[in-house]
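Let me begin by presenting the structure, written as structure tokens, before commenting on it.
Structure (structure tokens):
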């Protein structure tokens, strides 16, 4: 199964979202 990751970086926080090939969210984190 393939996974895809998106990363959003700003000065105050960083977010990452990992989804599988069907578009289902596998992991989501914010810091």
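Numbering (my numbering), first residue to last: 39 to 69. The C-beta atom is built at its ideal place from N, Cα and C for all residues, glycine as well. All of these numbers come straight from a predicted model, not from anything done at the bench.
Residue 61, DSSP secondary structure in three states: coil
Using a Cβ-Cβ cutoff of less than 6 angstroms, which residues in the same chain neighbour residue 66 once the five nearest sequence positions on both sides are dropped? 55
Grab me the residues of residue 45's own chain with a C-beta within less than 6 angstroms of its C-beta, minus the 5 sequence neighbours each way, in chain order. 54
Quick one: grab the DSSP three-state call for residue 69. coil
Check the DSSP bridge columns for residue 53 and list the partner residues they point to. 46, 68
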